[in-house]
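To start, the structure itself, in structure tokens.
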Amino acid sequence: MLARTADNLYWISRYMERAENLARMLRVTDRLSLMPSGADADGSEWQSAVIVSGAEEDFYRKYEEATPENVISYLAFDAENPSSIRNCIETARRNARAVRTALTTEQWECLNSAWLELPRWNETRVRGSGLHRFLDWVKDCSLLFTGGTVATMLRRDSYYFTRLGTFIERSDNTARILDVKYHVLLPEHAEVGGGIDYYQWASILRAVSGYRSYNAVYREGLKPWLIAEFLVMREEMPRSLISCAAEIKECLDKLGEEYGQRHECHRVAGQIYSRLRFGKVEDIFRQGLHEFLGEHIETNDRLGLEISRSYLLG
């Protein structure tokens, strides 16, 4: 497969996953801001959404405060933000058009339909209750694309490049959400396990569709160390770091078999998976959860660069 085609497939799935992650984050942020008892009295939840997106510097270059209106405008619709939901969908569709023959009919129709529908959503329409309808629509578009990918693509290199993009992006997002909550979001004076804290931890689980799954696995109240274990080391949780690492490793192993050679990206992927597979949550907290997650984000970024150097246009 041409590197340009592989690159487009990889970034199509990354952009769709990014749009979905932003939609999830904005939805739970808005929900938490409406909670009673001062769950978001200082507006820190909206600030955290900006931090999780990785666009904090650019955001504050344009806005003085992380108000709901500013954050929604920037993360959902801003044409100058390359990672806004609008730009993610438009870029994914543009990439798809360039590799139309490498996609299945279902994948193309999903991306093209989302692109055609996108102009109907604007800041005026999503004000108030319209926001949740828009965010649910974005999530549905991404899930439809993912379902079409899994259900209709041949298990060849095109499939593995597409899936790689999804899991590299997802791993980064889960780590950032957990890091922001534990290190940035919780005020110094707030007690872990307190009322405000409970809402914040629940919002993280909802952002990764893990609230009910957590209760099914642990059958007890929300506890920070268990939530960390759930989102880092439980492979049955599809958005956990180890689940993403396992999927990435498998995709790269398949590509290694198909092309008959292995690269530095294979070593880095194996290193990430082994660290998560054989590590213990006690060791993570002993090292420091913030330090562990920061290291994971950096290594995941390096893995993305190595994949690009080995197979894509990097």
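For the sequence shown, the numbering used here gives the first residue as 107, with consecutive numbering after it.
Glycine included, C-beta positions come from ideal geometry on N, C-alpha and C.
With 16 other Cβ atoms within 10 Å as the buried cut-off, status of residue 347: Answer is buried; the Cβ neighbour count reaches 16.
Local Cβ density within 10 Å of residue 180, reported as buried at 16 or more and exposed below that: buried
Of the residues 271, 238 and 355, the one placed nearest residue 255, counting alpha carbons only: 271
Where residue 158 falls: helix, strand or coil (DSSP): Note: residue 158 maps to helix in three-state DSSP.
Contact check, residue 214 vs residue 199, beta carbons under 7 Å: no
Host alpha helix (DSSP H) of residue 199 (start-end): 191 to 204
Where the alpha helix (DSSP H) containing residue 359 begins and where it ends: 347 to 365
Three-pair Cβ contact test at 8 Å for the segment 349 to 362 versus the segment 321 to 333: no
DSSP three-state assignment for residue 402, whether helix, strand or coil: In this structure, residue 402 counts as helix in the three-state DSSP scheme.
Cβ contact check for the segment 334 to 346 and the segment 307 to 321: 3 or more pairs under 8 Å: yes
Neighbourhood of residue 369 by C-beta distance below 6 Å, restricted to the same chain and skipping five residues each side: 416
Nearest-angstrom Cα separation, counted from residue 163 out to residue 169: 10 Å
Segment contact, 8 Å Cβ cut-off, at least three pairs: the segment 221 to 233 with the segment 110 to 126: no
Cβ neighbours of residue 156 in the same chain (closer than 7 Å, five flanking residues each side left out): Annotation for residue 156: 162, 165, 172 and 177 place their beta carbon closer than 7 Å to its own, counting only its chain and skipping 5 residues before and after.
Buried or exposed (CB count within 10 angstroms, at least 16 for buried), residue 204: exposed
Cβ pair residue 418, residue 113 closer than 7 Å: yes
DSSP-derived helix/strand/coil call for residue 373: helix
Where the alpha helix (DSSP H) containing residue 326 begins and where it ends: Note, residue 326: premise wrong, no alpha helix (DSSP H); not H, not E.
Check whether residue 263 and residue 107 have beta carbons under 7 Å apart: Cβ distance < 7 Å, so residue 263 and residue 107 count as in contact.
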